[in-house]
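Just so we're aligned: the sequence shown equals residues -6 to 82 in the working numbering. Backbone N, C-alpha and C fix where the C-beta goes; we use that ideal spot for every residue, glycine too.
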Amino acid sequence: MESIRKIMSKRNSGIFLRVIPGHFATSNSHINYYIDMSLMKSRQSEASAIARAISGQYCYTTVVDTIVCLDGCDVIGAYLANELTNAGT
């Protein structure tokens, strides 16, 4: 698909969003971009990199008791829990 665009992370070149511009309508909403999360939440290398990036925001300043994951993002949540646990030891 030629219309897929990649938005790169400024902090980690291994992390990027895949977005598809267009007009997408559901019964509840109309949106201009579809964000493809499928590889981010299922590919080990991307999920691990995302968790490292997120944990850097919290590991030394915030006590994290619970991680709530969006539907299907439990792989990222598991890697995030691991990163935060390693930072606390």
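Exposure label - residue i; buried when at least 16 CB within 10 Å
{"i": "residue 63", "result": "exposed"}
{"i": "residue 40", "result": "buried"}
{"i": "residue 18", "result": "exposed"}
{"i": "residue 1", "result": "exposed"}
Residue i in three-state terms, based on DSSP
{"i": "residue 10", "result": "strand"}
{"i": "residue 69", "result": "helix"}
{"i": "residue 30", "result": "coil"}
{"i": "residue 47", "result": "helix"}
{"i": "residue 75", "result": "helix"}
Within 8 angstroms, strictly: CB atoms of residue i and residue j
{"i": "residue 43", "j": "residue 8", "result": "yes"}
{"i": "residue 52", "j": "residue 80", "result": "yes"}
Integer-rounded CB distance, given that residue j should sit under 8 angstroms from residue i
{"i": "residue 10", "j": "residue 48", "result": "Not a contact, Cβ separation roughly 19 angstroms."}
{"i": "residue 68", "j": "residue 22", "result": "Actually they do not touch by this definition, with Cβ atoms about 26 angstroms apart."}
{"i": "residue 28", "j": "residue 12", "result": "5 angstroms"}
Inter-residue spacing [alpha-carbon to alpha-carbon] between residue i and residue j
{"i": "residue 31", "j": "residue 5", "result": "19 angstroms"}
{"i": "residue 58", "j": "residue 66", "result": "18 angstroms"}
{"i": "residue 46", "j": "residue 16", "result": "31 angstroms"}
Proximity test, Cβ basis, 8 angstroms: residue i and chain C
{"i": "residue -2", "result": "Here chain C cannot be found, since the structure has a single protein chain."}
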